[in-house]
Amino acid sequence: MYKYLLIALTALLLLASTSLAAEPLSPAQIAQLTYDRYVGDDMQMHGTMELISKSGHVRSREFISLRKDDNAERKQLIRFTAPADINGTVFLTLESNGSSNTEQHLYLPALKRTRRIVASQKARSFVNSDFTYEDMQRHPVEEWTYALDGTETIAGHVCYILTSTPKPGTDSKYGKVVSWIEKENFIPLKTYFFDNKGQHNKSYLVNSFNVIDNIATETEVLMEDLLSGHKTRLKTLEIKYNSGLQDSLFTTRALER
Amino acid sequence: MRTSLITCFLFLAVFFVGQCHAAILQGIDFVSAEESTEVTLRIDKKVRYNHNYLPASGTLPTRCYVDLYDTSRNQSMATWLSVDDPRLSKIRTGSYPTKLRVVLDLQKDDVCSVVSSAMKPFQIQISVTSPAALLTKKLGIFPQTEPAERARLPEMPGTVVEDQPQPQPSAVLSDATTDTAEPGPQLSSFTSAGRDEISAWGWAQGYSAYDTNQQGSEDSELSRLQGRAGVDWNKDLGPESSLKLRGAIDLDRIYYDSDLADEETDFTLHETYLQYNSTDWEMSFGKQRVRWGKSDQLSPIDSINPQDFRQFITIDLEERALPSWMLRNRWHGESIGFETIIQPWFKKSKIEYFDSNWAIYRNLRESIIANPSAPDDLKDYVRNLSTETDKPGDSFDNMSAAARFTWQTEQTDFALSYHYGWETLPTITNFPVKNINYSGDPDPDLTELLSDAIFTDQKVLAKYKRQQTAGFEWETVLDPIGFRGEIAYIDHVAFLSSDLTSVRKPVVHLVSGIDYASTTEWYFNVQGSWFYIHDYSSEILYFEEDTVSLLGEVSKPVWRGNLEFSLQYNYTITDQSSYLKPSVTLKYFRNFECEVGANIFSGDDDTLLGSYDRNDQVYVRVKAFF
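Residue numbers (my numbering), protein chains in the order written: chain A, 14 to 270; chain B, 38 to 663.
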């Protein structure tokens, strides 16, 4: 008797979950799934950052980036390795999950000293690139409102078009952000940034991504400042996920090593 | 000196070249298993590599290949190898100018995954499996979709498109050279474990300063050439421990145009130490620089290293520090830390006593020699003035020690420190001209100054004495500003007095300030300094009992950081003297920067900053990194 009841309940649950799965995702759910997208428990990456002026002059930098996620926070360390004049400069960011509390430290080898730096100035350019500190962080989902403006296919990938607007009191330099989020992996393939006057002033584009270790990974992205014509391209040269990075790598003392 | 320099640089060049030989592919092994075929490339050292996958094309089968950069093939190896395997038909190698390509010809549309290990020799392992097997293994380094469907998105209008042509091979060894199409991004797995790296670094800098006021006796020109070359060796001993060895040499040549000044060329060992790191502690021994304290440009707690005072404060605090021998231990807990330093040998600061704009006695000697009304015997007397330095000998009793306790909250760092060391600036225990009352004026009225003077045949005696410094420092963020500071009690500080010898007094020095960076990249740093001399005596030159000043920096990078404008300032409120350093730095060219600026002093002659009033200068500095 119990066996039949169990089968019946299981069938009902399966039916219910199937019908739930068929429910279209709400805009907030899409934002949450994007925020929660699995990007590995940890990651180490070797990449380049190219600063491209309007006239085409390119300044290139190389860096190593380490990231580790746990339930409480996301830790990220970026160590520049080339050119020689910035070699050894390191940024450490400790970002509390689900909130905008962020702690940042900067180590400049010439000063032989790690400085605590203000993280709240999110609109500042990150090392003179077209990325701001805000662009380098995830937006806490509850601080924004969302609208779904349909879907569009980019290079064979069906994408949600999600418009995000900061709630009053949210610290953001943007008035609106429109993202094309790939349906399968919840990876934003294209993002348009609008200022508070509604002017489209920056564009972000994933030029390529690969599925690496079962994780959708942007391997070349481009951020363009539409007002100045300046661009910043980030390329991934090497990457490895889930290698068991130690917590001690994400401490201020590790910056000096 | 020149010969020894050339010999040294040649040695370094040979050393680096020796370290940087191309890697050699020593052999290729393969093992055929039920579900996969494992191919192992054995290379004599770690190399950078890329790998990719090519679909069948024309007569060419489906292929995987790995490009090994800066690698050549062991000459005893065959250029291709037929393989009896259900997944592989052939393994081939082809040489390019900058890389060696290893191609795996596949029997079917299997997929490859590539990993490397830090074993010695360095190994890259290629696993050839069926797509179904790959799905179960979830390796996924190569695309899980067909190559034609790989995620390669079109460039946006206006974006920069890269089409980098493949270099032609230098020698055609097989049809590996036809594998030039490289669709999509190439990624290799990242291998930082087992790090065993040697890297070389260095810089060369030229500095030239010209006085804007060329009247009087001061040297009107200063030139300085500096170079530093170093080698770092980093080796992982395990997942949680590593070694670091740093060796660096320093070349420093400084020239003043003063008639009496010596040209100085120093060729010294700079930072050279061996450091052991583990998860929660580290130990290092050798010549090192240690920076304690949180404030900028003026840091009373930063007393561990001696300093180079030959350009006073016209060069930055961190550039003035000279490495010294020490054993340093640091232990780190979750939120607290403890650090100890033992300095077995004393190292003195670099100081000029006479004949430079920045010397302790400024240009007092040359101002007498250049004075037409001064008698010849007085000129001869001051010309023969000499200095003797009494520094602590190398003994157990003369060792220095320091300790620092740090703790950290979510938003604030604190530290308590104590240093039992030696004073950075020496105590002048004897001046050969007695019975004088000097006001600090670098161009004094000689008749008045020497009216009752007694001339002896003694030397200027400079003696380094013990000094203890206890400090407390803090740093936090009060959005949107940073707030930091430090306070130090120093038991004895030497001050020049009116008889041109030193008096030693206890001092309390507080420096605290804020900084702010705007969204438009303006940077503001404002610090306040309170310098209190306990048991003050009126014969102390340049300082009052309480000296309060404002100092800091305003800067603004423009043109995406290619150009930076900066103004460093130091205004002493209590005596109304000041120092301004406006500068503009060009950083447009890779690994090269050029700075043009000025050092502007003002104030009364009997104030510290005002006593340099005649030394205003413009300067240019060029620096190349490598």
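Beta carbons are placed, not taken as given, at the ideal position from N, Cα and C, and that holds for glycine. Every value quoted in this text rests on a predicted model; they were computed, and no experiment measured them.
Residues that residue i bridges to, as DSSP identifies them
| i | result |
| --- | --- |
| A:Asn3 | Here chain A comprises residues numbered 14 to 270, so residue 3 of chain A is not present and cannot be evaluated. |
| A:Trp193 | A:Ile174 and A:Lys203 |
| B:Glu590 | B:Asn562 and B:Gln605 |
| B:Arg283 | B:Asp269 and B:Tyr310 |
| B:Gly374 | B:His369 and B:Thr443 |
| A:Thr70 | Before going further, note that residue 70 of chain A is His rather than Thr in the sequence given. DSSP output for A:His70 lists no bridge partner at all. |
| B:Lys136 | B:Tyr106 |
| B:Pro619 | B:Leu604 |
| B:Ala159 | Inspection of the sequence shows that residue 159 of chain B is occupied by Phe rather than by Ala. Answer by DSSP bridge pairing, in chain order: B:Ile80. |
| B:Ser666 | Because residue 666 of chain B is not part of the residues shown, which for chain B are 38 to 663, the question remains open. |
| B:Leu141 | B:Cys101 and B:Ile128 |
| B:Pro479 | Answer is none; B:Pro479 lacks a bridge partner. |
Beta-carbon spacing of residue i, residue j below 8 Å
| i | j | result |
| --- | --- | --- |
| B:Glu319 | B:Arg367 | yes |
| A:Val191 | A:Ile167 | no |
| B:Asp612 | B:Asp583 | no |
| B:Asp478 | B:Gln505 | no |
| B:Asp269 | B:Trp238 | yes |
| B:Ala554 | A:Gln134 | yes |
| B:Tyr86 | B:Ile163 | no |
| A:Leu218 | A:Val234 | yes |
| B:Asn314 | B:Lys272 | no |
| B:Val148 | B:Thr166 | yes |
| A:Thr176 | A:Tyr187 | no |
| B:Arg347 | B:Ile291 | yes |
| A:Thr245 | A:Ser142 | yes |
| B:Ser432 | B:Trp459 | no |
| B:Ala661 | B:Phe638 | no |
| B:Lys384 | B:Pro429 | no |
| B:His378 | B:Arg399 | The residue asked about is misnamed: residue 378 of chain B is Ile in this sequence, not His. Taking 8 Å as the Cβ cut-off, B:Ile378 and B:Arg399 do not qualify as a contacting pair. |
| B:Arg328 | B:Asp339 | yes |
| B:Val633 | B:Val595 | no |
Three-state secondary structure (DSSP) of residue i
| i | result |
| --- | --- |
| B:Leu224 | With a pLDDT of only 48 at B:Leu224, under 50, the local geometry of the prediction cannot be trusted, and no value is derived from it. |
| A:Gln134 | coil |
| B:Gly647 | helix |
| B:Thr556 | coil |
| B:Arg357 | helix |
| B:Phe580 | coil |
| B:Val197 | Caution applies to B:Val197, whose pLDDT of 30 falls short of 50 and renders its modelled position unreliable; the model cannot decide the point. |
| B:Gln495 | coil |
| A:Thr47 | helix |
| B:Ser534 | strand |
| B:Val659 | strand |
| A:Leu27 | Caution applies to A:Leu27, whose pLDDT of 45 falls short of 50 and renders its modelled position unreliable; the model cannot decide the point. |
| A:Phe263 | helix |
| B:Pro671 | Summary: the structure shown does not reach residue 671 of chain B, with chain B confined to residues 38 through 663, and so no result is reported for it. |
| B:Asn652 | helix |
| B:Thr484 | helix |
| B:Tyr526 | strand |
| A:Pro40 | helix |
| B:Leu547 | strand |
Which residue spans inside the stretch 137–167 of chain A form an unbroken beta strand (DSSP E) run of at least 3? 157–167
Identify every run of the beta strand (DSSP E) within the stretch 398–446 of chain B, keeping only runs that are complete inside it and at least 3 residues long; order them along the chain. 424–427 and 437–445
Contact list for the stretch 498–518 of chain B against chain A, Cβ threshold 8 Å: Glu512, Thr513, Val514, Asp516, Pro517 and Ile518
Name, going along the chain, the residues of the stretch 442–469 of chain B whose beta-carbon falls closer than 9 Å to a beta-carbon of chain A. Gln445, Glu447, Gln448, Thr449 and Asp450
Please give the ranges of any beta strand (DSSP E) in the stretch 50–106 of chain A, keeping only runs that are unbroken, at least 3 residues long and fully inside the region. 55–65, 71–82 and 86–95
What residues in the stretch 324–335 of chain B bring their beta carbon closer than 7 Å to a beta carbon of chain A? Arg326 and Arg328
By the 9 Å beta-carbon criterion, what residues does the stretch 89–100 of chain B contribute toward chain A? Flagged: no residues at all.
Proximal residues, the stretch 137–153 of chain A versus chain B, C-beta separation under 7 Å: Residues of the stretch 137–153 of chain A with a Cβ closer than 7 Å to any Cβ of chain B, in chain order: Arg137, Ser138 and Asn141.
Using a Cβ-Cβ cut-off of less than 7 Å, give me the residues of the stretch 198–218 of chain A that come near chain B, in sequence order. Leu202, Ser216 and Leu218
Under 8 Å, CB to CB, which of the residues in the stretch 83–112 of chain A have a partner in chain B? Pro96, Ala97, Asp98 and Asn100
Using a Cβ-Cβ cut-off of less than 8 Å, give me the residues of the stretch 124–136 of chain A that come near chain B, in sequence order. Leu124, Lys125, Arg126, Arg128, Arg129, Ile130, Val131, Ala132, Ser133, Gln134 and Ala136
Going along the stretch 247–261 of chain A in order, which residues come within less than 7 Å of chain B, judged by CB to CB distance? Thr249, Glu251, Ile252, Lys253, Gln259 and Ser261
In chain order, what residues of the stretch 584–597 of chain B put their CB closer than 8 Å to some CB of chain A? Listed by position, the residues of the stretch 584–597 of chain B near chain A (Cβ gap below 8 Å) are Pro594 and Arg597.
If contact means a Cβ-Cβ distance below 9 Å, which residues of the stretch 57–74 of chain A contact chain B? Gln57, Met58, His59, Glu63, Leu64, Ile65, Ser66, Gly69, His70, Val71, Arg72 and Ser73
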